[in-house]
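In what follows, a structure is listed as structure tokens, so that the remarks can point back to it.
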Amino acid sequence: MTPVSIFNDVIGPVMRGPSSSHCAAALRIGRLARDLMDGEVTEVLVEFDREGSLPTTHESQGSDMGLFGGLLGWDADDERLPNSARALEEAGIRLRIDTVDVGDPHPNTYRLTLRNERETHSLIAISTGGGMMEVLSIDGVNLSIDGGYHETLIWMRKEDADKSGCITPADEVIQHDLGDITLWQVKANTFARSDLFNPICVKTLSPVLPVPSRKDLRVPFTSCTEMLHHDGDKRTPLWQLAIDYEMARGNFSEREVIDKMIAIVRILRKSIASGIAGTSYEDRVLGHQSGRFFDLMKSGRLLDGGALNRIVLYVTALMEVKSSMGVIVAAPTAGACAALPGAVLAMAEAMDKDEEEMARAMLAAGLIGVFIASRWTFAAEVGGCQAEGGSAASMAAAALVTLAGGTRDQSIAAASMAFQSMLGLICDPIANRVEAPCLGKNVMAASNALSCANMALADFDPLIPLDEVIDAAKDVSAMMPREHRCTSLGGLAITPTSLEIERKLASFKTKSCGGCGCH
Numbered sequence: 001m002t003p004v005s006i007f008n009d010v011i012g013p014v015m016r017g018p019s020s021s022h023c024a025a026a027l028r029i030g031r032l033a034r035d036l037m038d039g040e041v042t043e044v045l046v047e048f049d050r051e052g053s054l055p056t057t058h059e060s061q062g063s064d065m066g067l068f069g070g071l072l073g074w075d076a077d078d079e080r081l082p083n084s085a086r087a088l089e090e091a092g093i094r095l096r097i098d099t100v101d102v103g104d105p106h107p108n109t110y111r112l113t114l115r116n117e118r119e120t121h122s123l124i125a126i127s128t129g130g131g132m133m134e135v136l137s138i139d140g141v142n143l144s145i146d147g148g149y150h151e152t153l154i155w156m157r158k159e160d161a162d163k164s165g166c167i168t169p170a171d172e173v174i175q176h177d178l179g180d181i182t183l184w185q186v187k188a189n190t191f192a193r194s195d196l197f198n199p200i201c202v203k204t205l206s207p208v209l210p211v212p213s214r215k216d217l218r219v220p221f222t223s224c225t226e227m228l229h230h231d232g233d234k235r236t237p238l239w240q241l242a243i244d245y246e247m248a249r250g251n252f253s254e255r256e257v258i259d260k261m262i263a264i265v266r267i268l269r270k271s272i273a274s275g276i277a278g279t280s281y282e283d284r285v286l287g288h289q290s291g292r293f294f295d296l297m298k299s300g301r302l303l304d305g306g307a308l309n310r311i312v313l314y315v316t317a318l319m320e321v322k323s324s325m326g327v328i329v330a331a332p333t334a335g336a337c338a339a340l341p342g343a344v345l346a347m348a349e350a351m352d353k354d355e356e357e358m359a360r361a362m363l364a365a366g367l368i369g370v371f372i373a374s375r376w377t378f379a380a381e382v383g384g385c386q387a388e389g390g391s392a393a394s395m396a397a398a399a400l401v402t403l404a405g406g407t408r409d410q411s412i413a414a415a416s417m418a419f420q421s422m423l424g425l426i427c428d429p430i431a432n433r434v435e436a437p438c439l440g441k442n443v444m445a446a447s448n449a450l451s452c453a454n455m456a457l458a459d460f461d462p463l464i465p466l467d468e469v470i471d472a473a474k475d476v477s478a479m480m481p482r483e484h485r486c487t488s489l490g491g492l493a494i495t496p497t498s499l500e501i502e503r504k505l506a507s508f509k510t511k512s513c514g515g516c517g518c519h
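Counting from 1, one number per residue, gives the positions in the sequence shown under the numbering used here.
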């Protein structure tokens, strides 16, 4: 498995939409599917397994929006995304979405059949959380594409397969035996040449991740235990260990890593400001509320929460931007996009920290996210909200300790304590929208992070090592019913009020745009 990258898997992508595992991942799947068709798609069949999460959530949580945008070749932060359904229709692409009984093991499985006048291809892919995805099959051939390489697929007659030595230098060449035909899958930092032999078919799939993969990629550690062994008694600050990790993962300089995170910090600060100023969007449950909170906070009419009030404000503002299809950063997901940056940026401003110090704190959080993603998942469809909100709280706690100048071990202790108190958290979005109780859970995650950061700074004992907490969360998720894992089939999602809100939103959408999915 390709090692996790902070900028690929944890702090990112920069995107629009309610859910990264739906919107951003689906968009990346759509981009790869478009490449498979050489950019010419006239008909698409999308199939979702009946027992997965997508039959009940693909429209309201943004899978359709993201997939359609990807099929059109758009980026995850494209301002046209809310209207991608209409744009797909205007592009002359015929669409059908079916629910099927196929027993897909992963709840976020996309089965695509794509056609144009010349050819038909199939693709099966999964969304693995936080905008990450993996193509599992093309035209019935089992393979793996995670979007980090230039992928060249070359179908050739078996007798010509020995000419594969003519392929330009590659990181990996995988041979798939299809009887009389051989499929060569070439992973490299450029597309492979195929003009030196006589292929039956060649397809080139461009990378969709910001940090590419490369041959002989090595990182210094992938778990908290390994990191502690690697660092030993040096007790290097967590943010510096994060930089060391991402330098190895992405082949970056230290300055490049810091500057990349500063750029993300600036995007987040702009989004927070736009959220406080006011957002509007018709197809959402909650309206603009952060402005009122801001006014009351400024006038001293809220209970004195100190910096926590600013954290609540920033978390709310970011959630409102997400729900209005504004630009956010999945950190680690869109559903949990606000807890970490809201806590870090609010506290940093209260402490008069500059953007580089904010970036260091976010990097420390990113390394905690690496440990979680390497062992488990950020996908609520797999792990419930403990995978999203729990991860965000853990990451934010380590970041806040970093802002306070705490030690490596205090940062880890804070991350462990924060995650421990989020185990078992279900995902039950009201009216099938990723807004509530997501807002409250983001606020809870940020508040939890602040409390645990202060406890760690006072050297409270977390008792359970972070890696063991992550493993415990994974074990809990295996016992969590499907209804409580982002399917909108349990919890608050099926209360009478939630169902009534969902009916009203569906009725409004049908009247306003004929049910096309655009807003």
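Even glycine gets a Cβ: it sits at the ideal position worked out from N, Cα and C.
Owing to the predicted nature of the structure, the values given are computational and were not obtained by experimental measurement.
Euclidean distance between Cα positions of residue 472 and residue 375: Here residue 472 refers to the residue found at position 472 of the sequence shown. Here residue 375 refers to the residue found at position 375 of the sequence shown. Roughly 11 Å separates the two Cα atoms.
Would you kindly work out how many angstroms separate the C-alpha atoms of residue 207 and residue 26, rounded to a whole number? The residue you call residue 207 lines up with position 207 of the sequence shown. The residue you call residue 26 lines up with position 26 of the sequence shown. Each residue's Cα considered, the two are about 15 Å apart.
Would you list the one or two residues that DSSP bridges to residue 390? Within the sequence shown, residue 390 is the residue found at index 390, counting from 1. Beta-bridge pairing links residue 390 to no other residue.
Going along the chain, which residues of its own chain have a beta-carbon closer than 8 Å to the beta-carbon of residue 189, five neighbours each way excluded? For the purposes of this step, residue 189 is taken as residue 189 along the sequence shown, with counting starting at 1. Cβ within range, chain order: 149, 150, 171, 212, 214.
Nonlocal neighbours in the same chain, by C-beta distance under 8 Å from residue 35, ignoring five residues either side: Within the sequence shown, the letter at position 35 stands for residue 35. Within the same chain, residue 35 has close Cβ partners 203, 204, 205, 206.
Whole-Å CB distance - residue 273 paired with residue 332, under 8 Å assumed: Numbered from its first residue, the sequence shown carries residue 273 at position 273. Numbered from its first residue, the sequence shown carries residue 332 at position 332. The pair is not a contact, with the Cβ atoms about 23 Å apart (cut-off 8 Å).
Thinking residue 45 and residue 68 are a contact (beta carbons under 8 Å), I'd like their distance in whole angstroms, please. As a working note, residue 45 is residue 45 in the sequence shown. As a working note, residue 68 is residue 68 in the sequence shown. Going by Cβ atoms, the distance from residue 45 to residue 68 rounds to 14 Å, so no, they are not a contact pair.
Nearest CA to the CA of residue 242: which residue from 219, 312, 229, 263? Here residue 242 corresponds to residue number 242 of the sequence shown, with the count starting at 1. When only C-alpha atoms are compared, the closest one is 219.
Over the uninterrupted alpha helix (DSSP H) stretch that includes residue 27, give me the two end residues. Residue numbering aside, residue 27 sits at position 27 when the sequence shown is read from its first letter. 25-36 is the extent of the alpha helix (DSSP H) around residue 27.
Near residue 235, which residues of its chain fall below 8 Å by C-beta distance, leaving aside the five closest residues on each side in sequence? On the sequence shown, position 235 is the one that residue 235 refers to. Correct list, in chain order: 407, 408, 409.
Close-in-space but distant-in-sequence residues of the same chain around residue 519 (CB under 6 Å, 5 per side omitted): Position 519 of the sequence shown holds residue 519. The predicted model places residue 519 with a pLDDT of 36, which falls under 50 and marks its position as unreliable, so this point remains unresolved.
Checking 8 Å against the spacing of the C-beta atoms, do residue 350 and residue 261 come in under that value? By one-based count along the sequence shown, residue 350 stands at place 350. By one-based count along the sequence shown, residue 261 stands at place 261. No, the Cβ-Cβ distance between residue 350 and residue 261 is not below 8 Å.
Rounded separation between residue 419 and residue 277 - CA only: Walking along the sequence shown from the start, residue 419 turns up at place 419. Walking along the sequence shown from the start, residue 277 turns up at place 277. One C-alpha to the other measures close to 32 Å.
In whole angstroms, give me the CA-to-CA distance for residue 483 and residue 230. Here residue 483 refers to the residue found at position 483 when the sequence shown is read from its first residue. Here residue 230 refers to the residue found at position 230 when the sequence shown is read from its first residue. Using only the alpha carbons, I get a separation of about 41 Å.
Count the other CB atoms within 10 Å of the CB of residue 232; is the residue buried (16 or more) or exposed (fewer)? Within the sequence shown, residue 232 is the residue found at index 232, counting from 1. Exposed.
Report yes if the C-beta distance between residue 103 and residue 122 is below 8 Å; otherwise report no. Locating residue 103 in the sequence shown gives position 103, counting from the first residue. Locating residue 122 in the sequence shown gives position 122, counting from the first residue. Contact: no.
Applying the 10 Å Cβ sphere with the 16-neighbour rule, what's the burial state of residue 200? The count along the sequence shown starts at 1 and reaches residue 200 at position 200. With fewer than 16 Cβ atoms within 10 Å of its Cβ, residue 200 is classed as exposed.
C-alpha gap between residue 288 and residue 5, whole angstroms: For the purposes of this step, residue 288 is identified with residue 288 of the sequence shown, where counting begins at 1. For the purposes of this step, residue 5 is identified with residue 5 of the sequence shown, where counting begins at 1. Going from the Cα of residue 288 to the Cα of residue 5 covers about 34 Å.
Exposed or buried, what is residue 459 when buried is set at 16 or more other beta-carbons lying within 10 Å of its beta-carbon? Sequence index remark: in the sequence shown, residue 459 carries index 459 (1-based). Classification of residue 459: exposed, given that the 10 Å Cβ count is below 16.
Helix, strand or coil for residue 497 per DSSP? Start at 1 with the first residue of the sequence shown, and residue 497 comes out as number 497. Helix at residue 497.
Buried/exposed call for residue 61, threshold 16 Cβ in 10 Å: In the sequence shown, counting from the first residue as 1, residue 61 sits at position 61. It counts as buried.
What residues match up with residue 258 in a beta bridge as DSSP calls it? Numbered from its first residue, the sequence shown carries residue 258 at position 258. Residue 258 is not bridged to any residue.
Below 8 Å between beta carbons: does that hold for residue 15 and residue 85? On the sequence shown, residue 15 is found 15 positions in, with the first residue counted as 1. On the sequence shown, residue 85 is found 85 positions in, with the first residue counted as 1. In this structure, residue 85 does not lie closer than 8 Å to residue 15 by Cβ.
For the beta strand (DSSP E) containing residue 129, name the first residue and the last one. Walking along the sequence shown from the start, residue 129 turns up at place 129. Start and end: 120-129.
Restricting to Cα atoms, I'd like to know which of 57, 343, 326 is closest to residue 398. Here residue 398 refers to the residue found at position 398 when the sequence shown is read from its first residue. Cα-wise, what sits closest to residue 398 is 343.
By Cβ distance, which residues of its chain are closer than 7 Å to residue 491, with the 5 residues on each side in sequence left out? Here residue 491 refers to the residue found at position 491 of the sequence shown. Within the same chain, residue 491 has close Cβ partners 426, 428, 484.
Reducing DSSP to helix, strand and coil, say where residue 351 ends up. For the purposes of this step, residue 351 is taken as residue 351 along the sequence shown, with counting starting at 1. Coil.
Tell me which residue opens and which closes the beta strand (DSSP E) that residue 172 is part of. The residue given as residue 172 occupies position 172 in the sequence shown. First-last of the beta strand (DSSP E) with residue 172: 172-177.
For residue 487, which residues from the same chain have a beta carbon less than 6 Å from its beta carbon, with the 5 sequence-adjacent residues on both sides left out? Residue numbering aside, residue 487 sits at position 487 when the sequence shown is read from its first letter. Excluding positions up to five away in sequence, the list reads 53, 56.
Please report the distance separating the alpha-carbon of residue 447 from that of residue 40. The residue given as residue 447 occupies position 447 in the sequence shown. The residue given as residue 40 occupies position 40 in the sequence shown. Whole-angstrom Cα-Cα distance: 49 Å.
Per-residue burial, residue 175 [other beta carbons within 10 Å of its own, 16 or more giving buried]: What you label residue 175 is simply residue 175 of the sequence shown in a count that begins at 1. That one is exposed.
How is residue 515 classed by DSSP in three states: helix, strand or coil? Taking the first residue of the sequence shown as position 1, residue 515 is located at position 515. With a pLDDT of only 44 at residue 515, under the threshold of 50, the placement of this residue in the model should not be trusted, and no figure is reported.
Report the CB separation of residue 388 from residue 335 in whole angstroms; it is logged as a contact under 8 Å. Residue 388 sits at position 388 when you count from the first residue of the sequence shown. Residue 335 sits at position 335 when you count from the first residue of the sequence shown. At roughly 5 Å, the Cβ-Cβ gap stays under 8 Å, so residue 388 and residue 335 are in contact.
Measuring alpha carbon to alpha carbon, tell me which residue in 280, 493, 467 is nearest residue 228. Position 228 of the sequence shown, counting from 1, holds the residue named residue 228. Among 280, 493, 467, the Cα nearest to that of residue 228 belongs to 467.
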